[in-house]
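> Let me begin by handing over the structure; questions about it come next.
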Amino acid sequence: MEKNFAKIKNILDKTGCHCIVQQTRKTEFDTMEEKTFSVLLPAPAGLRENGEIFPLKKLTSFSVTETFSAAVPELKRVFAVLALNVEECSGNASLTVSEAALAPETWEMTIDANGIAVSAGDLNGAIYALTALGQMLFAATITGDPAAVLHGVTLHDEPRFARRGFLLDSARHFQSKQEIKKLLRVLALFRINSFHWHLVDGPGWRYSSGTAPLLDGRGTMSDGQYSREDIQEISAFAKTLGISIVPEVDVPGHSDFLLKHYPQFACDPQNPGSELCIGNPETMNFLKSMFTELMELFPDSPVIHLGGDEAAVEHWENCPECRAALQKKGLSDMRELENDFMVELSRFIVKSGRTPMVWGTCSGQLYPPDTMIQAWLDIREPLKIAPSGNKVIYSVCNSLYFDYPANLCEPWQSWMFSLDEKGVYMTDPHVIWADQVKDCIAGIEACLWTEMLPQHRIFAKLFPRIAAYCECAWSKPEKKQWASYFHRRELLEAAGYFDYVKGV
Ligand SMILES: [Zn+2]
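The opening position of the sequence shown corresponds to residue 10 in our numbering, with each subsequent residue numbered one higher.
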């Protein structure tokens with residue numbers, strides 16, 4: 010019985026069913042005296058206290074290597090918000106940020122009596138190091154003490170997951186260009202490097218398309234559309250933040266808006282529904298033109314998302330063209346025809362030099378190994394996908410869907426679970442079958458669907474769960490500890506750091 014209890018406790022600990030189980034594991038944060046580095050969130054990979062102090066009054070100048078100049082505006086913003094008078098200079102400075110032979114996104118920092126020395130392997134590493142420094146500066150200045158200091162420390166940090174994503178659904182409810190840019194900045198401050206942009210869905214089509222000019226960008230929940238210039242501006246801004254955009258056009262389901270304006274691609278043009286006719290060769294030709302245009306719109310996006318989720322088979326089963334295609338290809342059911350259709354589209358993306366990504370295994374079928382699969386239905390999906398060699402992005406809904414209510418006072422829908430900050434924090438893609446799935450998990454992604462979310466609710470849904478998500482995506486599992494995280498999150502909140510992040 011005791012053995013079984015230990016096993017159950019282990020699973021509960023890992024899956025977030027944590028209410029009845031007190032965690033006892035401690036990290037270095039629990040045993041150290043409160044220092045300015047005690048607020049760091051996410052928890053860094055390596056931290057060594059050196060016993061020195063650096064008085065903030067000595068922080069008078071900074072120099073950042075040219076390669077990382079994109080990180081400077083945010084650094085200046087921290088200085089301005091904290092009323093620190095720090096001048097940019099070249100050469101000797103009390104804060105130096107330089108390039109070093111470190112792995113991507115990796116950074117190091119030493120704070121001692123002489124100053125602050127940061128080195129990073131790339132722009133992302135520099136941005137994340139300066140984010141950590143910003144947190145320590147907020148912690149140091151919280152009391153307004155003119156004799157404030159930074160406590161001496163040597164830090165080394167690197168990500169647990171190479172891909173740390175965030176999906177925003179701009180199809181159901183539209184967000185302005187300014188709101189998207191505001192969100193991107195917040196994502197970068199939480200070390201998210203992949204912005205999955207859900208541009209198309211049943212209720213709306215959000216980018217201006219020369220291939221499908223009848224899609225004028227109006228939607229059933231809100232109006233709005235991104236022009237080519239908007240997308241270029243947003244993409245350029247994302248690049249300065251070290252964020253790659255994954256644009257998504259979701260097919261063959263979720264296509265109501267497309268089919269309303271182009272019913273010739275439906276199985277029944279009189280009753281177009283949500284699914285494209287996958288037996289009509291013209292549908293594939295149209296989509297190839299559509300995705301070619303999408304790839305031109307997003308020249309810097311190595312990954313293109315094709316959707317592939319939640320299509321119903323009824324239209325296909327009643328459609329002569331779909332039935333004929335099924336017979337011609339010698340397939341046994343419409344799920345196989347759907348998979349054949351999606352595999353052809355994913356081959357097209359690969360031939361175009363990009364990596365296709367699709368939603369999970371709704372059809373029960375698998376894709377060629379070079380297609381990334383986003384697992385969202387349940388925690389067992391990666392286990393099913395791993396043997397085929399596909400890389401998995403872990404987005405399991407009951408852990409990472411931010412549209413789910415953080416508390417039950419919020420409006421919510423029947424399909425949603427309750428998902429509070431601690432529920433997010435307990436997320437771990439290696440949850441139970443680590444040996445079988447750890448090599449296939451390429452990353453993790455939180456998703457903000459907007460059926461219930463007009464633009465003004467976006468930020469209310471982000472905080473504070475995004476902080477919990479950040480630590481799940483970035484920090485090594487042995488560094489994660491709920492009580493430590495919660496303490497650091499509260500300290501940062503009290504220091505005004507989250508207001509700064511939100512741009513208040
Ligand atoms: Zn059809």
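Where is the CB? At the ideal position from N, CA and C, for every residue including glycine.
Nearest CA to the CA of Gly219: which residue from Leu132, Leu303 and Glu390?
Leu303
> Does ligand 1 have a heavy atom nearer than 7 angstroms to the CB of Asn294?
no
> Less than 8 angstroms between the C-beta atoms of Ala535 and Arg172, yes or no?
Given a span of 10 to 513 for the chain in the structure shown, any question on residue 535 remains unanswerable.
> Applying the 10 Å Cβ sphere with the 16-neighbour rule, what's the burial state of Gln144?
When all chains shown are included, Gln144 counts as buried.
> Using beta-carbon positions only, say whether Phe147 and Leu501 come within less than 8 angstroms of one another.
yes
> By the three-class DSSP mapping on this structure, what secondary structure does Thr40 have?
Summary for Thr40: the model assigns pLDDT 46, below 50, so the residue's position carries little reliability; its value from the coordinates is reported in the next sentence. Of the three classes helix, strand and coil, the one that applies to Thr40 here is helix, per DSSP.
> Report the residue ranges of all alpha helix (DSSP H) runs contained in full by the segment 428-504; include only those spanning at least 4 residues, in chain order.
430-434, 443-446, 467-471, 474-483 and 491-503
> Please list, following the chain, all residues that have a C-beta closer than 5 angstroms to any non-hydrogen atom of ligand 1.
Cys276, Cys286, Gly288, Cys328, Glu330 and Cys331
> According to DSSP, is Gln31 part of a helix, a strand, or is it coil?
In this predicted model, Gln31 has a pLDDT of only 41, less than 50, meaning its place in the structure is not dependable; the value taken from the coordinates is given anyway. The DSSP-derived three-state label of Gln31 is coil.
> If you draw a straight line from the C-alpha of Asp508 to the C-alpha of Phe183, how long is it?
24 angstroms
> Evaluate Cys418 with the Cβ neighbour count: other Cβ atoms within 10 Å of its Cβ, from every protein chain shown; 16 or more gives buried, anything less gives exposed.
exposed
> Taking the continuous beta strand (DSSP E) assigned at Gly174, which residues delimit it?
Here the beta strand (DSSP E) through Gly174 covers Arg172 to Asp178.
> Which first and last residues belong to the alpha helix (DSSP H) in which Pro391 is found?
Glu390 to Ile394
> Enumerated in chain order, which unbroken segments of the alpha helix (DSSP H) with a length of 4 residues or greater are wholly contained in the segment 145-212?
186-198
> Measure the CB-CB distance between Arg169 and Lys447 and report whether it falls below 8 angstroms.
no
> Around the C-beta of Glu353, are 16 or more other C-beta atoms found within 10 angstroms, so that it is buried, or is it exposed?
So Glu353 counts as exposed.
> Spatial neighbours of Glu460 within its chain, please: CB distance less than 6 angstroms, with the 5 preceding and 5 following residues excluded, ordered by chain position.
Arg181
> With 16 as the cutoff for other CB atoms within 10 Å, does Gln31 come out buried or exposed?
Confidence is the limiting factor: at Gln31 the pLDDT is only 41, short of 50, which leaves the residue's position unreliable, though a coordinate-based value still follows. Here Gln31 is exposed. Its C-beta has fewer than 16 other C-beta atoms within 10 Å.
> Can you tell me which of Ile402, Val433, Thr152 and Trp458 puts its alpha carbon nearest to the alpha carbon of Trp421?
Trp458
> Under 8 angstroms by Cβ, that's how I've got Trp325 and Glu291 pegged, so tell me the actual separation to the nearest angstrom.
Their Cβ separation, rounded to whole angstroms, is 16 angstroms, which puts Trp325 and Glu291 out of contact at 8 angstroms.
> Enumerate in chain order the residues of its own chain whose CB-to-CB distance from Ala247 is below 8 angstroms, with the five nearest sequence positions on each side excluded.
Leu193, Phe204, Ser253 and Ile254
> Between the segment 125-141 and the segment 360-377, can you find at least three pairs of beta-carbon atoms closer than 8 angstroms?
no
> Short of 6 angstroms in beta carbon distance, which residues of its chain neighbour Ala503, apart from the five on each side in sequence? Order them along the chain.
none
> Could you name the residues of the same chain whose beta carbon sits closer than 6 angstroms to that of Glu114, not counting the 5 residues immediately before and after it, in chain order?
The residues Asn133, Gly134 and Pro168, in chain order, have a CB closer than 6 angstroms to that of Glu114 in the same chain once the five nearest residues on each side in sequence are set aside.
> Could you tell me how far apart the beta carbons of Gly161 and Glu58 are, in whole angstroms, since I believe they sit closer than 8 angstroms?
7 angstroms
> Rounded to the nearest angstrom, how far is the Cβ of Ser404 from that of Trp424, given a contact under 8 angstroms?
Rounded, the Cβ-Cβ distance is 15 angstroms, inconsistent with contact.
> In this structure, how does DSSP classify Asn407 when only helix, strand and coil are distinguished?
helix
> Return helix, strand or coil for Val367, following the three-state DSSP convention.
Note: Val367 maps to strand in three-state DSSP.
> If you run the structure through DSSP and keep just helix, strand and coil, what is Glu284?
coil
> Pull the bridge partners of Met381 from the DSSP assignment, please.
Met381 pairs with Met366.
> Exposed or buried, which one is Glu390 when buried takes at least 16 other CB atoms within 10 Å?
buried
> Counting only the same chain and skipping the five closest in sequence on each side, list residues whose C-beta sits under 7 angstroms from that of Arg34.
Low confidence applies to Arg34: its pLDDT is 47, below 50, so where it sits in the model is not reliable, and the reading given next is rough at best. So the qualifying residues of the chain are Gln490.
> Less than 8 angstroms separating the beta-carbons of Leu346 and Ile382?
no
> So, is Ala157 buried or exposed, given that buried needs 16 or more other C-beta atoms within 10 angstroms?
Flag for Ala157 reads buried.
> Return helix, strand or coil for Glu419, following the three-state DSSP convention.
coil
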